[in-house]
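From first to last, the protein sequence lines are chains A and B. Using our numbering, you'd call the opening residue of the first sequence number 1 and step up by one each time. Using our numbering, you'd call the opening residue of the second sequence number 378 and step up by one each time.
There are 2 protein chains.
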Amino acid sequence: MIYLDNAATSFPKPERVYNTILQVMTKYGANPGRSGHKLAMKAGRGIYEAREIIADLFKVKDPMNIIFTHNATDSLNLGIKGILKEGDHVITTSMEHNSVLRPLMALKDKNIETTIVNCDNYGVLDIENIKDNIKRNTKMIITTHASNVVGSIMPIYDIAKIAKECGVLYMVDAAQTAGVYDIDVRKGIDILAFPGHKSLLGPQGTGGLYIRDGLDITQLKEGGTGSKSNELYQPIMLPDRYESGTPNAPGIIGLGEGVSFIKETGMENIRRHETELTEHFITELKKIKEVIIYGPKEHRAPVIPINIDNRDSSEVSFILDSMYGICTRPGLHCAPLAHKTIGTFEQGVVRFSLGFFNTHKEIDDTIKAIKSIINEF
Amino acid sequence: MIYLDNAATSFPKPERVYNTILQVMTKYGANPGRSGHKLAMKAGRGIYEAREIIADLFKVKDPMNIIFTHNATDSLNLGIKGILKEGDHVITTSMEHNSVLRPLMALKDKNIETTIVNCDNYGVLDIENIKDNIKRNTKMIITTHASNVVGSIMPIYDIAKIAKECGVLYMVDAAQTAGVYDIDVRKGIDILAFPGHKSLLGPQGTGGLYIRDGLDITQLKEGGTGSKSNELYQPIMLPDRYESGTPNAPGIIGLGEGVSFIKETGMENIRRHETELTEHFITELKKIKEVIIYGPKEHRAPVIPINIDNRDSSEVSFILDSMYGICTRPGLHCAPLAHKTIGTFEQGVVRFSLGFFNTHKEIDDTIKAIKSIINEF
Numbered sequence: 001m002i003y004l005d006n007a008a009t010s011f012p013k014p015e016r017v018y019n020t021i022l023q024v025m026t027k028y029g030a031n032p033g034r035s036g037h038k039l040a041m042k043a044g045r046g047i048y049e050a051r052e053i054i055a056d057l058f059k060v061k062d063p064m065n066i067i068f069t070h071n072a073t074d075s076l077n078l079g080i081k082g083i084l085k086e087g088d089h090v091i092t093t094s095m096e097h098n099s100v101l102r103p104l105m106a107l108k109d110k111n112i113e114t115t116i117v118n119c120d121n122y123g124v125l126d127i128e129n130i131k132d133n134i135k136r137n138t139k140m141i142i143t144t145h146a147s148n149v150v151g152s153i154m155p156i157y158d159i160a161k162i163a164k165e166c167g168v169l170y171m172v173d174a175a176q177t178a179g180v181y182d183i184d185v186r187k188g189i190d191i192l193a194f195p196g197h198k199s200l201l202g203p204q205g206t207g208g209l210y211i212r213d214g215l216d217i218t219q220l221k222e223g224g225t226g227s228k229s230n231e232l233y234q235p236i237m238l239p240d241r242y243e244s245g246t247p248n249a250p251g252i253i254g255l256g257e258g259v260s261f262i263k264e265t266g267m268e269n270i271r272r273h274e275t276e277l278t279e280h281f282i283t284e285l286k287k288i289k290e291v292i293i294y295g296p297k298e299h300r301a302p303v304i305p306i307n308i309d310n311r312d313s314s315e316v317s318f319i320l321d322s323m324y325g326i327c328t329r330p331g332l333h334c335a336p337l338a339h340k341t342i343g344t345f346e347q348g349v350v351r352f353s354l355g356f357f358n359t360h361k362e363i364d365d366t367i368k369a370i371k372s373i374i375n376e377f
Numbered sequence: 378m379i380y381l382d383n384a385a386t387s388f389p390k391p392e393r394v395y396n397t398i399l400q401v402m403t404k405y406g407a408n409p410g411r412s413g414h415k416l417a418m419k420a421g422r423g424i425y426e427a428r429e430i431i432a433d434l435f436k437v438k439d440p441m442n443i444i445f446t447h448n449a450t451d452s453l454n455l456g457i458k459g460i461l462k463e464g465d466h467v468i469t470t471s472m473e474h475n476s477v478l479r480p481l482m483a484l485k486d487k488n489i490e491t492t493i494v495n496c497d498n499y500g501v502l503d504i505e506n507i508k509d510n511i512k513r514n515t516k517m518i519i520t521t522h523a524s525n526v527v528g529s530i531m532p533i534y535d536i537a538k539i540a541k542e543c544g545v546l547y548m549v550d551a552a553q554t555a556g557v558y559d560i561d562v563r564k565g566i567d568i569l570a571f572p573g574h575k576s577l578l579g580p581q582g583t584g585g586l587y588i589r590d591g592l593d594i595t596q597l598k599e600g601g602t603g604s605k606s607n608e609l610y611q612p613i614m615l616p617d618r619y620e621s622g623t624p625n626a627p628g629i630i631g632l633g634e635g636v637s638f639i640k641e642t643g644m645e646n647i648r649r650h651e652t653e654l655t656e657h658f659i660t661e662l663k664k665i666k667e668v669i670i671y672g673p674k675e676h677r678a679p680v681i682p683i684n685i686d687n688r689d690s691s692e693v694s695f696i697l698d699s700m701y702g703i704c705t706r707p708g709l710h711c712a713p714l715a716h717k718t719i720g721t722f723e724q725g726v727v728r729f730s731l732g733f734f735n736t737h738k739e740i741d742d743t744i745k746a747i748k749s750i751i752n753e754f
């Protein structure tokens, strides 16, 4: 089995992530922050350490500015709905995932206006288009860091600069980059949403949000926080304000272990390996005349969408899985406008997304499989 | 170590829950519902099976009416904020957890009025007080099934009857009962919120919400659902409408395994064991003159809050943990009004909450420890 669906969720995780999760569940599976006993304290400490190591990864000074959520979608909804109020205007791009676009579309009813800046048909953004669309009531710019469809990388620090110059907030969706690409929030990122279960190598059921100091984001949920139990109103301190209810302690601590693996391995080594595989894959794909490769000509996150002539992407993906044991994702990848942008809204694409645990041999086998599909099916 | 903090989270879980979670993570840790390959399909099937077994537990006809969430707080926020609109009135009780009270207090700003019906100082509700407070604009009644502070059990089917007679919705918070007490939604429960990690014996990072057919609950989040990827608007079909973003597949499938354990063991056997331990514990506690026991005189969920004379509850809980290895939770338990109701808002209580894996010997050892604290500390 060759798993090339890492943009959906990374698989496998490092062995130590599994071990840690099992350890938390079996040895100190208590409710962190709710009681004072040793097991609860140990779980609470584990969560704090995860907060610390993630804060460090993104150059966040205070770990309390890292909020844990259910997944990146949960984080994005909090960032978007917690900031935007009636009459606000927001700018985003045509390469966004539905986790950004659908909340924004839902806000139309609240008189919140969205401008969607088109990228070119390689999925690349011209930042002048962002600048040109800023107006008096623009409150925020939201962009992905890398497209989940074509891997095109957004110039986040250039956008941050524009945002700062114009007094506008900047929120980044790091769903496809956190854990592989350098992200330094000090360079002008106000809000950063990330999943735990993709390149940060944690388990599903985890995600997070960095919130810059002093930003007043309205919480979307209230509930027990284990703090200020005497009060009927939600505490405003971080992270409690945004973390109501029992946290996913084994998941969060497992996520911390994933990030620890990344740090010890070296993010640059992970990136180098993934980039090398991606380049090798594209080089070989280019030799096959029936294959159409989408996305930027240079530099991309390890996401490679293709089609074989005009064949149905679901059919190709199905054959890859059933005949060759190769896991990919066909169709529209929850990003309809990205597919309109690159011209694949009707056909979809077969998306190959690579991860740190993929090998050269797997890429070669995949190339062979694609050739064989062209010849035999 | 004696773990008596099961009302916060059950610990340990059945061995098979750990094994299942590990199995999902290591063998088919893909993203369910996002791709068509075998691993994703297997994860998707696992989630569906969890939905089925939980639906069956609560006598829900269609598994698609079970929504998976991050925790019970997440579920309660969805039920509360998805139903209540400006001008609505809602009735709840003084025994509620902050996961109900804090969302309701936050809704005051939106002109949503809450009536909090007082229970007596044993934590017991007189349902006439619910009836008396229903008015023209009452939209919903929300009650816990059992108090997390004193274990008093609400007459949910009697309340459901009143709700139905008055054309009002009824939402139940089953945080302390799901998995131990019979819950039959057909008897008039419109919305049922439950945690996965308490008596359902699943892992943290899981919770759920039953939504009666035809109820239009506004979603709090939008995002990718793996379905209708071509659309910029949230799909309205269940469960997709409320399950945006990557689900916690290992957690949910582990939760399904917990419920499977419950079914095989027999919920009535679990309840009998917990009730027996609770009665034994209370009988022994009553023999200690320094101990004050709070809560109903008869019938309660296995939650026993006490104080030793007027000693600080945190101090007693600390000694129980540090000297005797007994895990309890002191203080206010995220339920300030419940403590006002029973008269312990200042002192708090030491809460002992029992689970299926507790034994008679553990209860006896706990009684000895309490006696020894009275004599020695």
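Ideal Cβ positions, reconstructed from N, Cα and C, are used throughout, including at glycine.
Pair within 7 Å by beta-carbon distance, residue i and residue j
i, j, result
"Ser353 (chain A)", "Pro330 (chain A)", "no"
"Leu453 (chain B)", "Ser471 (chain B)", "no"
"Ala178 (chain A)", "Leu200 (chain A)", "yes"
"Gly582 (chain B)", "Gly205 (chain A)", "yes"
"Phe11 (chain A)", "Gly406 (chain B)", "yes"
"Cys334 (chain A)", "Ser606 (chain B)", "yes"
"Gly544 (chain B)", "Ile443 (chain B)", "no"
"Thr705 (chain B)", "Val727 (chain B)", "yes"
"Ile53 (chain A)", "Val259 (chain A)", "yes"
"Ile681 (chain B)", "Asn498 (chain B)", "no"
"Ile141 (chain A)", "Ala163 (chain A)", "yes"
"Pro409 (chain B)", "Ala420 (chain B)", "yes"
"Asp88 (chain A)", "Lys139 (chain A)", "yes"
"Ala249 (chain A)", "Val24 (chain A)", "yes"
"Ala449 (chain B)", "Phe638 (chain B)", "no"
Buried versus exposed, by CB contacts within 10 Å (16 or more), residue i
i, result
"Phe356 (chain A)", "buried"
"Ser699 (chain B)", "exposed"
"His339 (chain A)", "buried"
Cross-chain neighbours of residue i in chain D, by beta carbon under 9 Å
i, result
"Pro12 (chain A)", "Within the model displayed, chain D is absent; protein chains A and B are what it includes."
Per-residue DSSP class, three states only, for residue i
i, result
"His650 (chain B)", "helix"
"Gly584 (chain B)", "strand"
"Cys384 (chain A)", "Because chain A here runs from 1 to 377, residue 384 (chain A) falls outside it and cannot be looked at."
"Thr602 (chain B)", "coil"
"Ala369 (chain A)", "helix"
"Ala570 (chain B)", "strand"
"Arg329 (chain A)", "strand"
"Ala555 (chain B)", "strand"
"Ile378 (chain A)", "Examination of residue 378 (chain A) is not possible in this model, given that chain A is present from 1 through 377 alone."
"Arg241 (chain A)", "helix"
"Ile594 (chain B)", "coil"
"Ile560 (chain B)", "coil"
"Ser381 (chain A)", "What the structure shows of chain A is the stretch from 1 to 377, and residue 381 (chain A) is not part of that stretch, so it cannot be assessed."
"Ala40 (chain A)", "helix"
"Arg728 (chain B)", "strand"
Span of the beta strand (DSSP E), counted from its first residue to its last, around residue i
i, result
"Asn684 (chain B)", "Val680 to Ile685"
"Asp173 (chain A)", "Leu169 to Asp173"
"Met1 (chain A)", "First-last for Met1 (chain A): undefined, no H or E at that position."
Where the alpha helix (DSSP H) containing residue i begins and where it ends
i, result
"His466 (chain B)", "No alpha helix (DSSP H) contains His466 (chain B), which is instead part of the beta strand (DSSP E) from His466 to Thr470."
"Val117 (chain A)", "Here Val117 (chain A) belongs to no alpha helix (DSSP H); instead the beta strand (DSSP E) covers Glu113 to Val117."
"Ile252 (chain A)", "Ala249 to Thr265"
"Ala338 (chain A)", "Pro336 to Ile342"
"Thr403 (chain B)", "Glu392 to Lys404"
Residue-chain proximity (residue i, chain A), Cβ-Cβ < 7 Å
i, result
"Glu599 (chain B)", "yes"
"Met482 (chain B)", "yes"
"Gln611 (chain B)", "yes"
"Ser471 (chain B)", "no"
"Asn475 (chain B)", "yes"
Proximity test, Cβ basis, 7 Å: residue i and chain B
i, result
"Pro354 (chain A)", "The sequence as given places Leu at residue 354 (chain A); Pro does not occur at that position. Not one chain B Cβ lies under 7 Å of Leu354 (chain A)."
"Thr9 (chain A)", "yes"
"Ser147 (chain A)", "no"
"Asp321 (chain A)", "yes"
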